[in-house]
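Below is one structure; the comments refer to it alone.
Numbering (full-length UniProt numbering), first residue to last: 1 to 290.
Next comes the structure, spelled out in C-alpha cells:
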C-alpha cells in the first residue's frame, strides 16, 4: 500500500531542495552527490514530492531523467524561493556582509535614521543598510518585510515594535530669531499633529499670528523655520540633530506633549533569534539616542 502524503501548507523543505538540485543538474546522481545522499534517497524524496503535488516532475528513462512541463514550470519558483530564504538567513544570522531594509517617510529617514547610522555602524561595520522611501502611509504595505519607522501609537497589525521617541512639540526658529519669536509669523503644518490652536489651548499661551506658509510635512516646516520664514511648532524628535548643531533653536515657550510617537517596527516573524534580537536592539538603541 502506498503511503498517503498529507497536503497541508508547503511540501517539506528537504524535498524541495532535492528537487531543485536534481532539476538544476538534470541528474538524480549529481543531486545525491551534492547532498551526500544515495541516489535512492534522492529518488524517494522526489517521488514523495510528486505524490504531494499530484503531478509528475521528472520523466525517468534508461538514459537518465528530464523535467516534465510541470517540472520546468515549478523549478524557477523553487529555485528563487530557496535563494531568497538562503539570502535572508545569511543576512540575519551569517558572518558575512548582511543587509537591513528600512522603510520610512522621507523626513523620518533624513532626520531620525541617517544622523544616527554612524553609531549603529560602529557595532556592525559590515551591515548594509538599504532605505526605502515611503511617500504615503498606505505605501508601507508594499514594504511589509522591511523594518519600518512609523509615526503613531505603536499598533500595526502583524508587526511588533519599540518606541523610539514620544512626540513633543515646541515653538522653534532659526537661532537669530529665537528671542523675538513672537514677532514671526507662524508656519502652518497640516496633518494629524496638534497645531497652534491646540498648543495655545493646552499651554494657556496666546496663539501666534498665522503666516502665508502652509505645508504638509514636518520636514518642510522645519526647513522653512531654518530659513527664517517663520516659527514652527516643531517636533523635538525630528529636529534633534538640527537643535544639537545650532541650525534651529527652541523658543522660550512651553512644549506640548502628545500621545503619539516614533516607532521602529518589524514583522512578527523577525526578532525571534538571539542574533536578530541583538541587531534590532542595537539599531533601536542608536535611534533612541535623540
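Built from N, CA and C at the ideal position, the CB exists for glycine as well.
query: Helix, strand or coil for residue 156? Go by DSSP, reduced to three states.; result: coil
query: The beta strand (DSSP E) that contains residue 261, what's its start and end?; result: 256 to 267
query: Please identify the residue among 274, 191 and 228 whose C-alpha is closest to the C-alpha of residue 184.; result: 228
query: By the 10 Å Cβ neighbour count, where 16 or more other Cβ atoms means buried, how is residue 171 classified, buried or exposed?; result: buried
query: Just curious, the alpha helix (DSSP H) that residue 128 is in, first and last residue?; result: No alpha helix (DSSP H) holds residue 128; the beta strand (DSSP E) holding it covers 127 to 133.
query: Are any of the Cβ atoms in chain D nearer than 9 Å to that of residue 188?; result: No chain D appears in this structure, which consists of one protein chain only.
query: Per DSSP, residue 98 is paired with what?; result: 127
query: Where does residue 187 sit, in a helix, a strand or coil, going by DSSP?; result: strand
query: Where DSSP assigns a beta bridge to residue 170, which residues make up the other side?; result: 234
query: At which residue ranges does the region 196 to 253 contain complete alpha helix (DSSP H) runs of 4 or more residues, listed in the order of the chain?; result: 196 to 203, 218 to 226 and 240 to 244
query: Tell me whether residue 61 sits in a helix, a strand or coil according to DSSP, three-state version.; result: strand
query: Which residues does DSSP list as the beta-bridge partners of residue 104?; result: 133 and 149
query: Using the beta-carbon count (16 or more within 10 Å), is residue 235 buried or exposed?; result: buried
query: How big is the Cα-Cα spacing for residue 283 and residue 120?; result: 6 Å
query: Any idea what DSSP makes of residue 43, helix, strand or coil?; result: helix
query: Measure the CB-CB distance between residue 169 and residue 249 and report whether it falls below 9 Å.; result: no
query: What is the rounded straight-line gap between the Cα of residue 65 and the Cα of residue 158?; result: 44 Å
query: Give the range of the alpha helix (DSSP H) segment to which residue 181 is assigned.; result: Where residue 181 is concerned, there is no enclosing alpha helix (DSSP H), given that its DSSP letter is neither H nor E.
query: Are there 16 or more other CB atoms within 10 angstroms of the CB of residue 102, so buried, or fewer, so exposed?; result: buried
query: If I measure Cβ to Cβ from residue 107 and keep anything under 7 Å in the same chain, skipping five residues before and after, which residues do I get?; result: 217, 218, 219 and 238
query: Going straight from the alpha carbon of residue 155 to that of residue 161, what length do you get?; result: 8 Å
query: Could you give the distance in angstroms between the alpha-carbon of residue 34 and the alpha-carbon of residue 21?; result: 8 Å
query: Output the distance between the C-alpha atoms of residue 10 and residue 48, rounded to the nearest integer angstrom.; result: 13 Å
query: Is the distance from the Cβ of residue 294 to the Cβ of residue 105 below 9 Å?; result: Residue 294 lies beyond the residue range present for the chain, which begins at 1 and ends at 290; the question has no answer from this structure.
query: Just reading off the alpha helix (DSSP H) that residue 275 is part of, what are its end residues?; result: 274 to 288
query: My output table needs one value for residue 66: the three-state DSSP class, helix, strand or coil.; result: strand
query: May I ask you to report which of helix, strand or coil DSSP gives residue 23?; result: helix
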